[in-house]
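In my numbering, the protein residues as written are 2 to 347. We put the CB at the ideal spot given by N, CA and C, even for glycine. Some notes on the structure that comes next.
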Amino acid sequence: MPKMKAVAKTKPASGAEIIEINTPTPGPDEVLAKVLATSICGTDLHIFEWNEWAQSRIKQLPLIMGHELCGEIVDVGKNVKNLKKGDIISAETHIACGHCYLCHTGSAHICIHGRIFGVDINGVFADYAVVPANNAWVLDKKIPKDYASVMEPLGNAVHTVLAGEITGNNVLVTGCGPIGLMSIAVSRICGATQIFATEVNDFRLQLAKKAGADLVLNPKKEKIVPRILDNTDGLGVDVVLEMSGNPTAIREAFQVLRPGGRYSILGIPDKPMEIDLGNDIVFKYATVQGINGRLMFSTWHKTTRFLSSGRLNLEPIITHRFSLDEYEKGMELMKSGDCGKILLYP
């Protein structure tokens, strides 16, 4: 059986290593994809660093890391009829059971029994990856392979932006990591009027400008609440897209949300935090949404259309490219914050 390389978490400590293992064989309802490009997510960094979340979440080692990919199908299981060798795919990384209440009622993205590539099962930081046929997303040939490798996080941005009305609205994006940057770009092409962005890393603030933000603010250097209120006639923004997970950013964003506004939260704080429920939500008549993953598969259709149209430019957001062997460089860059999206090539 041919061998392949993979980046794996092999022990419960900081770091990872490149291992050589047998190339997997797809099951009857799976495909085997040659990984053409993959990208690093914040989740991968958490697992690499073996932080408190990773220690409580990862149940079995060794584990091949990674969950974002563009790949070419090289083998198909015997039950797979809608996919073929040579198809170029991305993949939905939440593997739904298909049988629970949530799956049956249109919410498979939050399946009770859901599993995730690179978290619950082996991932895609490898030469080859096994993908359930139901999770494979055949790509429009107009979509560049680099863009295809980030369709999963881009889908998070699309889901968050389109969780309510965006056209003609003033928008605040808190946190300009890759998904925050993508949210700025998606908000821009969807017709947001003013886009504000807050971020403590100056490198990422410059990326936010390139992605389409009108006003970028560093809360370490200035008070963001009066600046945003001054630029919205004292009313505040119509929409907050929270991507930082930072408690201070979360609370300040409530202060600049207009009465009756929408607050969509994708960022996850490290630990429980307090908010002023009465003043910030109840009396403000705010709509607050938690966002998890991508709607399966309406978000994928919308994301595909955005990319196929050529209107969504991700080049300012993809800042670094490394070989898979150089994954540690990517992790260090992610840790520093001086990057946008980082791609790896096996």
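request  = Would you mind giving the Cβ-Cβ distance between Gly237 and Glu200, rounded to the nearest angstrom? I have them listed as a contact below 8 Å.
outcome  = Walking along the sequence shown from the start, residue 237 turns up at place 236. Walking along the sequence shown from the start, residue 200 turns up at place 199. The Cβ separation is near 19 Å, so there is no contact.
request  = Would you be able to state if there are at least three C-beta pairs under 8 Å between the region 273-283 and the region 207-226?
outcome  = no
message = Taking only three categories from DSSP, how would you classify Leu140?
response = Here residue 140 is taken as the residue at index 139 of the sequence shown, counted from 1. Here Leu140 sits in coil by DSSP.
ask   = Is it right to say Arg306 is buried, meaning 16 or more other beta carbons lie within 10 angstroms of its own, or is it exposed?
value = Counted from its first residue, the sequence shown places residue 306 at position 305. Arg306 should be labelled exposed.
key: Through-space distance from His110 to Glu18, alpha-carbon basis   = In the sequence shown, the residue the question calls residue 18 occupies position 17. In the sequence shown, the residue the question calls residue 110 occupies position 109. Between Glu18 and His110, the C-alpha separation is close to 31 Å.
key: Where Leu315 sits in the DSSP three-state scheme   = Walking along the sequence shown from the start, residue 315 turns up at place 314. It is coil, neither helix nor strand.
message = So for Lys82, helix, strand or coil by DSSP?
response = Counting from 1 along the sequence shown, the entry for residue 82 is found at position 81. Looking at Lys82 - three-state DSSP - the assignment turns out to be coil, as it is neither helix nor strand.
ask   = When you compare only the Cα positions, how much space is there between Asp76 and Arg295?
value = Working through the sequence shown from its first residue, we reach residue 76 at position 75. Working through the sequence shown from its first residue, we reach residue 295 at position 294. So the two alpha carbons sit approximately 27 Å from each other.
message = Quick test of your reading: Ile318 and Leu208, contact by CB under 8 Å. State the CB separation rounded to the nearest angstrom.
response = The residue you call residue 318 lines up with position 317 of the sequence shown. The residue you call residue 208 lines up with position 207 of the sequence shown. That pair is a contact at about 7 Å.
inquiry  = Just to confirm the assignment: which complete beta strand (DSSP E) runs, minimum length 3, are found wholly within the region 162-219?
reply    = 172-175, 196-199 and 216-218
message = Quick check on the DSSP output: the beta strand (DSSP E) that includes Cys71 runs from which residue to which?
response = Counting from one through the sequence shown, the residue named residue 71 turns up at place 70. Glu69 to Val77 is the extent of the beta strand (DSSP E) around Cys71.
ask   = Is the region 255-268 touching the region 119-136, taking contact as three or more C-beta pairs under 8 Å?
value = no
ask   = Are the beta-carbon atoms belonging to Gly115 and Ala92 less than 7 Å from one another?
value = Your numbering for residue 115 matches position 114 in the sequence shown. Your numbering for residue 92 matches position 91 in the sequence shown. Contact: no.
task = Return the CA-CA distance between Glu69 and Val151, expressed in angstroms with no decimal places.
result = Here residue 69 corresponds to residue number 68 of the sequence shown, with the count starting at 1. Here residue 151 corresponds to residue number 150 of the sequence shown, with the count starting at 1. Glu69 and Val151: Cα-Cα distance of roughly 6 Å.
ask   = Since Gln290 sits in a beta bridge, which residues does DSSP pair it with?
value = Here residue 290 corresponds to residue number 289 of the sequence shown, with the count starting at 1. Per DSSP, Ser265.
query = What separation, rounded to the nearest whole angstrom, lies between the Cα atoms of Ala198 and Asp147?
reply = Residue 198 sits at position 197 when you count from the first residue of the sequence shown. Residue 147 sits at position 146 when you count from the first residue of the sequence shown. Ala198 and Asp147: Cα-Cα distance of roughly 25 Å.
query = Could you give the distance in angstroms between the alpha-carbon of Val172 and the alpha-carbon of Met335?
reply = Residue mapping note: residue 172 aligns to position 171 of the sequence shown, counting from 1. Residue mapping note: residue 335 aligns to position 334 of the sequence shown, counting from 1. Whole-angstrom Cα-Cα distance: 26 Å.
task = Would you tell me roughly how many angstroms separate the C-alpha atoms of Gly331 and Asp234, rounded to the nearest one?
result = The sequence position of residue 331 within the sequence shown is 330, counting from 1. The sequence position of residue 234 within the sequence shown is 233, counting from 1. Between Gly331 and Asp234, the C-alpha separation is close to 42 Å.
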